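Asker:
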Amino acid sequence: MLLPSRFLARLCPSRSGRQSFSPLSLCRFRPKRRHLPAAVWGLVVLSMTGCSDRQSNVERGNAAQEIYIGIGSEPAALDPHIATGVTELYVLISLFEGLTTVHPKTLAIEPGVALSWDISDDGLRYTFHLDPDARWSNGDPLTAEDFLFSYERILTPAMGAPYAYMLYCIKNAEAFNRGEIEDFARVGLSSSDPHTLVIDLEAPTPYLLSLPSHFTWFPLHKATVLQHGSMTDRISKWTKPGNFVGNGPFALKTWRLNHSIEVERNPYYNAAESVRLNKIHFLPVGVDAEERAFRADQLHITSTVPIPRIDWYRANAPDSMRFDTYLGIYYYLVNTDRGALKDPRVRKALAYSIDRDSLTEHVLKAGQQPAYHFTPPNTGGYTAKVELPYDPGLARELLAEAGFPGGAGFPTFELLFNTSESHRTVAVAIQQMWKEELGIDVSLYNQEWKVYLATRRARNFDIVRAAWIGDYVDPNTFLSLLTSDNGNNHSNWGSQEFDQLIKRAAFEQNPEDRMALFQKAEAILMEEMPVIPIYFYVRSTLIDEAVQGWHPNILDYHPYQDVWLEE
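Pasting the structure below:
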């Protein structure tokens, strides 16, 4: 969303040398609300509240330990079992904590609700010893029963949880989720007492301790969920302020749609004395409005840096901009059940005609790496051997073989992306490449985040912009995404051979043989091309110098209990 130009005209230099809104000017300036989007209006209101003391959000926040974070878009949900995006992750990790958490700098596994754990010699049984003093944000004791309820909920077929597969390493979890068995007692989850949780696995899972730090493994407060509906209700009032009960370092205070989410320190958190922030304000502001708000000292952290502003920050405020290695892939997902896109030759023609080097160097300019395969390099020691070529000549040959020489007769199709100027910039560049190299026309259209997600789930698209950030550091988190029944695979593509390779990799204990299975699976993916890799991510953000404890890491995972502000 863009801030109106008349609003930007009120910018004046701040003491830090960054451009900021003049509080005095804001007091004089009374914009009419009908001209401003809700989220932008919220920033105006936040700014104008400081007219008496001439303080910005950042200045007030630094003094009160209240951090203002831009999250780019409105979260689709605060229910961990139906959430899928990074936007939701940013908020959920403030409200919940799993059995384990991670070190903010190294990502090493650390105790969460579980103070310790035992692993059987064969690697098939994990016994977690829960903190007997763990409490929910309403003061209720947190017990193993809450975890059992949560895991039964996400695995129940009626829930339709897109991330249920993340629990498939548990014995009989997949069979229960598929409806092949109906008795949840047969799933490898049990408890001998309120503070002991036992997980039995299908096969040894080297990354098992990383999984509970993901929001799909978070516990839910059973009484609260059932008070507002059935266990598997996807639309429920339990996530509303006043009803919400979590166990994280913060508790939900307010949620104003398309405006802000405010969380405050949870006094019942098991390590409350170590939490230094008092509040977090999550603002779902568009990328360009975020950047302007940052310059105005209204945000401490942005979700990204707009492409057109990168060079300006390099020249004028390099210390405010950060580029960090990020375990993620930016790609286009193809609906393989749509017209000409059913033909793998067409899909490969589209992939082979994209000049990724030029795109990353001259358009993106933030250090992104061109992606010639799907899994990011050195993911848990794995780097794909197969590489798709940049070969416009071969792309034209494939398109001609498919019946569209020079693009003649090729139907116009649509490329969908969620609303973002950066996504549009990439889409326009690739649209031009396809036109120049293949002679085909592509129309572009965008949707807001929630609508975009619904369109993807309904598979009502030709090609859609997509991204995947690793949930843990292992190639399985990327390649399992394209298995036939994965809840996040919306391509209508499936391969029995591919599925079997991923399943075999889950059971294979020899590291070299396991990586060889992933290599074969990735080769199938590049031959069938249901996804078109574009680039490997770099996490770009604007961050105020007051923010401490926000360490770069490849998962962009920042436990808020380790973050604080310095004036």
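According to the working numbering, the stretch in the sequence shown is residues -2 to 564, in order.
In this text, a Cβ means the ideal position worked out from N, Cα and C, and glycines have one as well.
Keep in mind it's a predicted model, so treat the numbers as computed, not measured.
1) With burial defined as no fewer than 16 other Cβ atoms inside 10 Å of the residue's Cβ, what is the status of H359: buried or exposed?
2) Say whether the region 427 to 442 touches the region 302 to 312, bearing in mind that this needs 3 or more beta-carbon pairs closer than 8 Å, one atom from each stretch.
3) Only counting the same chain, and skipping five residues up and downstream in sequence, which positions put a Cβ closer than 7 Å to that of L347?
4) Buried or exposed, going by whether 16 or more other CB atoms sit within 10 Å of the CB of R262?
5) What three-state label does DSSP hand D427 in the structure shown?
6) Taking the alpha carbon of D143 as the reference point, which residue from L194, T153, Y87, Y554 has its own alpha carbon closest?
7) Taking 8 Å as the CB-CB limit, is N415 close to chain B?
8) Spatial neighbours of D190 within its chain, please: C-beta separation below 8 Å, excluding the five flanking residues on both sides.
9) Going by alpha carbons, who is nearest to D496 out of N489, L164, L476?
10) State the CB to CB distance for the pair A158 and H78, rounded to an integer number of angstroms; the pair is presumed to be in contact (CB under 8 Å).
11) How big is the Cα-Cα spacing for R311 and Y442?
12) Between R132, P264, A200, L385, which has its C-alpha nearest E524's C-alpha?
13) Please report the distance separating the alpha-carbon of G58 from that of G69.
14) How would you call R25, buried or exposed, if buried means at least 16 neighbouring beta carbons within 10 angstroms?
15) Report yes or no: do three or more beta-carbon pairs, one from the region 109 to 120 and one from the region 92 to 99, lie closer than 8 Å?
16) Considering T84, what are the terminal residues of the alpha helix (DSSP H) in which it resides?
17) For D115, is the classification buried or exposed, using 16 other Cβ atoms within 10 angstroms of its Cβ as the cut-off for buried?
18) Within the continuous beta strand (DSSP E) that includes A399, where are the two ends?
19) Starting from W446, trace the beta strand (DSSP E) both ways and give me its first and last residue.
20) What does the Cβ neighbour count give for T409, buried or exposed, with the cut at 16 atoms within 10 Å?
21) What are the residues that DSSP puts in a beta bridge with M163?
22) Counting only the same chain and skipping the five closest in sequence on each side, list residues whose C-beta sits under 6 Å from that of V544.
23) Determine the direct distance from the alpha carbon of R456 to that of A105, and round the result to whole angstroms.
24) Look at the Cβ atom of L198, then the Cβ atom of C166, and state whether they are nearer than 8 Å.
25) Among the residues of its own chain, which have a CB less than 8 Å from the CB of S49, if the five just before and after it don't count?
26) Does the region 374 to 388 come into contact with the region 484 to 492, if we say contact requires no fewer than three beta-carbon pairs (one atom in each stretch) closer than 8 Å?
27) Considering just the uninterrupted stretch of the beta strand (DSSP E) at N415, what are its terminal residues?
28) Taking C-alpha atoms, which residue in L413, S537, E179 lies nearest to D316?
29) Which of the three DSSP states is assigned to R175 in this structure?
30) Kindly list the residues whose CB is nearer than 6 Å to the CB of H548, restricted to its own chain and excluding five residues on each side of it in sequence; keep chain order.
31) Just the Cα atoms here: how many angstroms apart are V55 and D294?
32) Based on DSSP bridge pairs, tell me the residues matched to T97.
33) Label S440 either buried or exposed according to how many other C-beta atoms from any shown protein chain fall within 10 Å of its C-beta, with 16 as the threshold for buried.
34) Return the chain-ordered ranges of every alpha helix (DSSP H) run that is complete within the region 465 to 527 and spans a minimum of 4 residues.
35) With C-beta atoms as the reference, is T225 less than 8 Å away from K234?
36) For V242, I'd like the list of residues in its chain whose CB is within less than 6 Å of its CB, leaving aside the five on either flank, ordered along the chain.
Answerer: If we stick to the structure as given:
1) Counting from 1 along the sequence shown, the entry for residue 359 is found at position 362. By the neighbour-count definition (other C-beta atoms within 10 Å, threshold 16), H359 is an exposed residue.
2) no
3) One-based indexing of the sequence shown puts residue 347 at position 350. W431, I529, listed in sequence order.
4) One-based indexing of the sequence shown puts residue 262 at position 265. By the neighbour-count rule (16 or more Cβ atoms within 10 Å), R262 is buried.
5) Position 430 of the sequence shown, counted from the first residue, corresponds to residue 427. In the sequence under discussion, the amino acid at residue 427 is Ile, which differs from the Asp named in the question. Helix, per DSSP.
6) Position 146 of the sequence shown holds residue 143. When only C-alpha atoms are compared, the closest one is L194.
7) This model lacks chain B altogether; it includes just one protein chain.
8) The count along the sequence shown starts at 1 and reaches residue 190 at position 193. Counting only Cβ-Cβ distances below 8 Å, and skipping sequence neighbours, we find A141.
9) Within the sequence shown, residue 496 is the residue found at index 499, counting from 1. If we check each option's Cα against that of D496, L476 comes out closest.
10) Taking the first residue of the sequence shown as position 1, residue 158 is located at position 161. Taking the first residue of the sequence shown as position 1, residue 78 is located at position 81. Indeed they touch by this definition, with Cβ atoms about 5 Å apart.
11) Taking the sequence shown and counting its residues from 1, one reaches residue 311 at position 314. Taking the sequence shown and counting its residues from 1, one reaches residue 442 at position 445. Cα to Cα, the separation comes out at about 31 Å.
12) Position 527 of the sequence shown, counted from the start, is the residue given in the question as residue 524. Per the Cα distances, L385.
13) For the purposes of this step, residue 58 is taken as residue 61 along the sequence shown, with counting starting at 1. For the purposes of this step, residue 69 is taken as residue 72 along the sequence shown, with counting starting at 1. Those two C-alpha atoms are separated by around 20 Å.
14) Locating residue 25 in the sequence shown gives position 28, counting from the first residue. In this prediction, R25 has a pLDDT of 29, which is less than 50 and means its spatial position is unreliable; what the coordinates show is noted afterwards. Within 10 angstroms of the beta-carbon of R25 lie fewer than 16 other beta-carbons, which makes it exposed.
15) Taking 8 Å as the limit for Cβ pairs, the verdict is that the region 92 to 99 does touch the region 109 to 120.
16) Position 87 of the sequence shown, counting from 1, holds the residue named residue 84. 83 to 92 is the extent of the alpha helix (DSSP H) around T84.
17) As a working mapping, residue 115 is identified with position 118 in the sequence shown. D115 comes out exposed.
18) Position 402 of the sequence shown, counting from 1, holds the residue named residue 399. Careful: A399 lies outside any beta strand (DSSP E) and carries neither H nor E.
19) The count along the sequence shown starts at 1 and reaches residue 446 at position 449. That residue, W446, is in no beta strand (DSSP E); its alpha helix (DSSP H) goes 446 to 454.
20) Position 412 of the sequence shown, counted from the start, is the residue given in the question as residue 409. Result: exposed.
21) Taking the first residue of the sequence shown as position 1, residue 163 is located at position 166. Its beta-bridge partners do not exist; DSSP assigns none.
22) To locate residue 544, count along the sequence shown from 1; it is residue 547. These residues qualify, in order along the chain: H297.
23) Taking the first residue of the sequence shown as position 1, residue 105 is located at position 108. Taking the first residue of the sequence shown as position 1, residue 456 is located at position 459. Approximately 37 Å, taken between the alpha carbons.
24) Within the sequence shown, the letter at position 201 stands for residue 198. Within the sequence shown, the letter at position 169 stands for residue 166. The answer is yes: Cβ separation under 8 Å.
25) For the purposes of this step, residue 49 is identified with residue 52 of the sequence shown, where counting begins at 1. With a pLDDT of 42 at S49, under the threshold of 50, the predicted position of this residue should be treated as unreliable, and no value is reported.
26) no
27) Counting from 1 along the sequence shown, the entry for residue 415 is found at position 418. Counting along the chain, the unbroken beta strand (DSSP E) around N415 starts and ends at 410 to 415.
28) Walking along the sequence shown from the start, residue 316 turns up at place 319. D316 has its Cα closest to that of S537, out of L413, S537, E179.
29) The residue you call residue 175 lines up with position 178 of the sequence shown. If DSSP states are grouped into helix, strand and coil, R175 belongs with coil.
30) As a working note, residue 548 is residue 551 in the sequence shown. The answer, listed in chain order, is P101, K102.
31) For the purposes of this step, residue 55 is taken as the residue at position 58 of the sequence shown. For the purposes of this step, residue 294 is taken as the residue at position 297 of the sequence shown. Looking at the two C-alpha atoms, the distance is approximately 5 Å.
32) Position 100 of the sequence shown, counting from 1, holds the residue named residue 97. Answer by DSSP bridge pairing, in chain order: P108.
33) For this step, residue 440 is matched to residue 443 along the sequence shown. Counting Cβ neighbours within 10 Å, S440 comes out exposed, since fewer than 16 surround it.
34) 473 to 476, 493 to 504, 508 to 525
35) One-based indexing of the sequence shown puts residue 225 at position 228. One-based indexing of the sequence shown puts residue 234 at position 237. Going by the sequence as given, residue 225 is His instead of Thr. Yes; because the gap between Cβ atoms is below 8 Å, this pair is in contact.
36) Taking the sequence shown and counting its residues from 1, one reaches residue 242 at position 245. Once the five neighbours on either side are set aside, the close Cβ partners of V242 are W133, S134, N135, H218, T221.
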